[in-house]
Structure formats: C-alpha cells, structure tokens
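All remarks here apply to the structure that follows.
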Amino acid sequence: MQNVLLAKYGEIALRGKNRYLIENELLKTISKNLEKVGNYYVSKEQGRILIESTEGNNIFDYDKVIPLVVNILGITAVCPAIKLNDSSIENIREKALFHMKEHWDDKNYTFKVETKRSDKQYPMDSRAISTDIGGYIFNNMDNISVDVKNPDTILMIEIRNYTYIYSKLIKGFGGLPVGTSGKATVLLSGGIDSPVAAFMMAKRGVSIEAVYFNSPPYTSDRAKQKVIDLAEQLSIFTGEIKLHIVPFTETQLKIYESVPPEKMTILLKRAMFKVAEKIAIKNNSQGLVTGDSIGQVASQTMQAIESINSAVKELPVFRPLCSMDKQEIIDIARKLGTFDISIRPYEDCCTIFVAKHPETKPKKGIIENIEKNIPNLDDLINSAINSMETIIF
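Just remember that the numbering used here sits 848 ahead of the position in the sequence shown, which is counted from 1.
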C-alpha cells in the first residue's frame, strides 16, 4: 500500500491526436512545480496523472503538494489516494476498510461505494465490487449506514493498472494546460477585471504576458507595486508571466493637453492599445486581452469599443469578460486571490485626468481625426516602449 495523489483532467481527453502533446505539457508543469517541495515521480495512468513520492511508500506531504497541483490549469480535481499493487477483492476489502477508519469523521454517518473498472479483465463488474466492499465496511464499522442517493462520504475505488482508493476530491479549475493555445498580452490595469481576464485566457491554454502603464508622479509607487503583486499572484495559475511596465506620463499629458476632455478616455485607451500591440508583436504574442465588460463604464460601450479597437492594426483583441456582470467577475477574483490586491486604494493611470462627462457613443472617424492632430504621438509611444521595465515571475 502506498500513499499517492491522483490528478484528474477533463476536456484534454477529447483532444484526439493532440491529446498526447497536451498530456505531456501537463506532466511537465506538475513535475516542475513539485521540484520545490521534494522528490516526486509523475506519470500517466489510464486517464489520470499519478504522483508518487520517491522517498518511501508512506512519505507524502499532501499539504505542500496539493496546492502546487490543484491550481494548475487543465486539472479538474486531485484526490489523495492509496495505491494497491495487489488488486484482489480480499485486499481491496481490507484496505478500503482501513481507509474508511483512517478518514472517518464523527459528523459523517452515511456512505456509499463507487467503482470505476478500466481493467475489463477483472473477474467482477463495477456494481458487484461496490456492493461487496460496501457490505464489508458496513459489517465492520459502528455507527454507519449506507445512503446511495445523498451520502456524507463517497468511497471511490478505481481499478486500472493498479487499484486506487480515495474518499476526498479537491476541485481544480479545469481548462487546458497553459502554453497549448498560443500566447497573448493582457493590459493589466490594477483593477478587478483585467487579472480575471488574464486568468480566463490562461484557462483556455494561452500563455500570458502583461503590460502596465505607469504614470508617476500622478500614480504612486504603491499603485505600481499593486500590479506587480497581481502579476505574481496570477503566476500561481498561469506559470511564468512577463510584466512590462511602460512609463506613460509624457504620452498621457500630451493627450490631455491636445484633445477635448470628453474624448480623453477613448484616445488614451487607443494609445495604450498601440503600445500594447507593438510590445505584443515584439514578444510573439498572437493577441491582446482586456478586462472590458460591455456597458460597465463609459469606455466599454459598443461604440467606444469600436473606436478603441480600430487603433489595433494587426492583432485580435480578446475580451473574455464581455458578457459577465461585476459580481461574477468579483467571485472569480476572490477564488484567484486577486480581489483583495485589486481593491487597494491606489489610482492607476486610467483614473487620472478623467472628464466629468466622458463620451459614451464616440464616432470612430471623429476620434481618428482628433488623434492625427496629437503632436508627436508616435514618437512618444516609441519612447515609452524603449524605456519600459520588464519583470519576470
């Protein structure tokens, strides 16, 4: 008997010819994460990923290992389990009873057994195994009863190359392993939305880089640190992130001096998109990502989005939150641990020089004509890019 961790994955199994490559990417990510906490061997086991300690059968630090695996995108759940080399029904009975006694909680009174049997040569079918093991546990434990519809505990038995027994399942985020669907660059503002947008793209297998626009002295060092902390927190889920910090004060002041106040926000966003696109192309990203949600603020109406998008000439712009309401976004941010960072009360560059009544239905042609008259805008953009700072997490 050996303590192990089983990791489950979902839609990867539907990926046909690409399945092998995607599974291997997941194995590489898990192995890399576990280097931080000890010696573990990671392998595939018929639709599962098996994680074993190389330091002894009963040496397994679940408290350290589980967080490093369950937060990897592509993983739907992890299960602390025992692995049996002997898959005889007699051994399964004995070890299942041992597991139940080890993990039984006085608050739990009911249980059921579920069996998955990928080894079709096994002499009993899944239902017969569940009935046999359930009856054995019932006859050998006190204060316990069977409830097949709504049990307090579900004891799982999986018969594969080996047999695995577990009763605890910790849910992951699912999705696809990061890096299997290309790369995109997110405009990371420091607010609640853009980190969630980055995560949603990463969940679809997209590697993430980030661009932050820094406008000192109008924005503080604490505002910059907030974004650094957000990028670091995101990297728990996305893996390595490059954060490009762009000095934007001169560009922002020039726009402020040159355009009507009500059009300031749209033209500022266009300049940001121009900068982000240049950085993205230079770093081989295939798209830009923003945290826009339609109708949430003045710059996120359909007309405003059209006027902003036309600044981007070569790359698609992804808005994974476009149909979500604020509470949905906040709920995800809390799960990611980014919410408490995002609500720190430090202004970003989008909140300074804001008009009292920003235009919500701008005309794209008018916006583009005004932009042409902003002095030296292209030079300011290039200068900002040349002066940017990059941090890798």
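For glycine and all other residues, C-beta sits at the position ideal for the given N, C-alpha and C. Note that the structure is predicted; figures quoted are calculated from it, not measured.
Next on the checklist: Suppose the cutoff is 7 Å on Cβ atoms and the five residues either side in sequence are ignored; what does the same chain contact list for Ile1309 look like?
Outcome noted: There is simply no residue 1309 to check, as the chain begins at 849 and stops at 1241 in what is shown.
(request) Between the Cα of Ser1042 and those of Val1054, Phe1085, Ile1177, Met849, spot the shortest distance and give me the residue it belongs to. (result) Translated into positions along the sequence shown, residue 1042 becomes position 194. Closest option to Ser1042, Cα to Cα, is Ile1177.
Requested in this report: Keeping to the same chain, check which residues put their C-beta closer than 7 Å to that of Pro1164; ignore five residues upstream and five downstream.
Outcome: Position 316 of the sequence shown holds residue 1164. Result list for Pro1164: Gly1135, in chain order.
Return the residue from the list Lys943, Phe1121, Tyr984 that minimises the CA-CA distance to Pro960.
The residue labelled residue 960 in the question sits at position 112 within the sequence shown. Reading the sequence as shown, one finds Lys at residue 960 and not Pro. Checking every option, the nearest Cα to that of Lys960 belongs to Tyr984.
>> Rounded to the nearest angstrom, what separates Ile1215 and Val1059 at their Cα positions?
In response: Sequence index remark: in the sequence shown, residue 1215 carries index 367 (1-based). Sequence index remark: in the sequence shown, residue 1059 carries index 211 (1-based). Distance between the alpha carbons of Ile1215 and Val1059 is about 24 Å.
Pro1109 by DSSP, collapsed to three states: which one? Along the sequence shown, read from residue 1 onward, the residue named residue 1109 stands at position 261. Residue state, collapsed to three classes: helix.
Out of Lys949, Ser936, Ile1013, which has the shortest C-alpha to C-alpha gap to Leu853? As a first step, residue 853 must be located in the sequence shown, where it is residue number 5. Cα-wise, what sits closest to Leu853 is Ile1013.
Here's the rule I'm using: 16 or more other beta-carbon atoms within 10 Å means buried, otherwise exposed. How should Leu921 be labelled?
Mapped onto the sequence shown, residue 921 falls at position 73. The residue is buried, with at least 16 neighbouring Cβ atoms inside 10 Å.
- Query: Going by other Cβ atoms of all chains shown within 10 Å of its Cβ, with 16 needed for buried, is Pro1064 buried or exposed?
  - Reply: Here residue 1064 refers to the residue found at position 216 when the sequence shown is read from its first residue. Here Pro1064 is exposed, its C-beta having fewer than 16 other C-beta atoms within 10 Å.
Open item on the list: Within 8 Å, do at least three Cβ pairs link the segment 1020 to 1033 to the segment 1135 to 1145?
Closed with: Touching, yes.
My assumption, with CB atoms under 8 Å, is that Asp967 sits in contact with Ile1007. Please give the rounded CB distance.
On the sequence shown, residue 967 is found 119 positions in, with the first residue counted as 1. On the sequence shown, residue 1007 is found 159 positions in, with the first residue counted as 1. That pair is a contact at about 5 Å.
Exercise. Output the distance between the C-alpha atoms of Ser1171 and Ile1153, rounded to the nearest integer angstrom.
Key: Counting from one through the sequence shown, the residue named residue 1171 turns up at place 323. Counting from one through the sequence shown, the residue named residue 1153 turns up at place 305. Computed Cα separation, rounded: 14 Å.
| said: Assuming the contact rule is C-beta atoms closer than 8 Å, Leu1024 and Gly1053 should be a hit. Round their C-beta distance to whole Å, please. | reply: The count along the sequence shown starts at 1 and reaches residue 1024 at position 176. The count along the sequence shown starts at 1 and reaches residue 1053 at position 205. Contact holds; Cβ gap of about 3 Å.
Among the candidates Pro1223, Ser1037, Ser1083, Glu962, whose CA atom is the shortest distance from the CA of Ala1050?
In the sequence shown, residue 1050 corresponds to position 202, counting from 1. With respect to the C-alpha of Ala1050, the residue from Pro1223, Ser1037, Ser1083, Glu962 having the closest C-alpha is Ser1083.
### Task
Can you grab the Cα-Cα spacing for the pair Lys931 / Ala944, in whole Å?
As a working note, residue 931 is residue 83 in the sequence shown. As a working note, residue 944 is residue 96 in the sequence shown. If I take the Cα positions, the gap works out to 11 Å.
TODO: Using beta-carbon positions only, say whether Lys1117 and Leu1225 come within less than 8 Å of one another.
DONE: On the sequence shown, residue 1117 is found 269 positions in, with the first residue counted as 1. On the sequence shown, residue 1225 is found 377 positions in, with the first residue counted as 1. Taking 8 Å as the cut-off, the Cβ atoms of Lys1117 and Leu1225 do not count as close.
Among Glu893, Lys892, Ile878, whose alpha-carbon lies nearest the alpha-carbon of Gly886?
As a first step, residue 886 is located in the sequence shown; it is residue number 38 there, counting from the start. When C-alpha distances from Gly886 are compared across Glu893, Lys892, Ile878, the shortest belongs to Ile878.
Check: Among Leu898, Asp1140, Ser1015, which has the Cα closest to the Cα of Asn872?
Finding: Counting from one through the sequence shown, the residue named residue 872 turns up at place 24. Among Leu898, Asp1140, Ser1015, the Cα nearest to that of Asn872 is on Leu898.
Best match in Ser1190, Asp934, Ile1005 for proximity to Ala1079 [C-alpha to C-alpha]
For the purposes of this step, residue 1079 is identified with residue 231 of the sequence shown, where counting begins at 1. Closest by alpha carbon: Ser1190.
With DSSP collapsed to three states, give me the class of Thr877. Within the sequence shown, the letter at position 29 stands for residue 877. Thr877 falls in the helix class under three-state DSSP.
Continuous beta strand (DSSP E) stretch holding Ser891: start and end: Working through the sequence shown from its first residue, we reach residue 891 at position 43. 888 to 892 is the extent of the beta strand (DSSP E) around Ser891.
Sorted by chain position, which residues of the same chain lie with C-beta nearer than 6 Å to Met948's C-beta, five sequence neighbours on each side aside?
For the purposes of this step, residue 948 is identified with residue 100 of the sequence shown, where counting begins at 1. Excluding sequence neighbours, Met948 sits near Ile985.
Judging by CA-CA distance, which residue of Asp1227, Met1048, Ile1089 is the nearest neighbour of Thr1238?
Here the question's residue 1238 lines up with position 390 in the sequence shown. Ranking the options by Cα distance to Thr1238, first place goes to Ile1089.
Task: Cα-Cα separation, Ile1222 to Gly1027 - done: Residue 1222 sits at position 374 when you count from the first residue of the sequence shown. Residue 1027 sits at position 179 when you count from the first residue of the sequence shown. So the two alpha carbons sit approximately 39 Å from each other.
Review point. For Gly904, which of Tyr889, Ile1005, Val1123, Ser935 has the nearest alpha-carbon?
Key: In the sequence shown, the residue the question calls residue 904 occupies position 56. Looking at the Cα atoms, Tyr889 is the closest of the given residues.
Considering only C-alpha positions, which residue in the set Asn1157, Glu942, Glu859 is nearest to Asn988? Here the question's residue 988 lines up with position 140 in the sequence shown. Ranking the options by Cα distance to Asn988, first place goes to Glu942.
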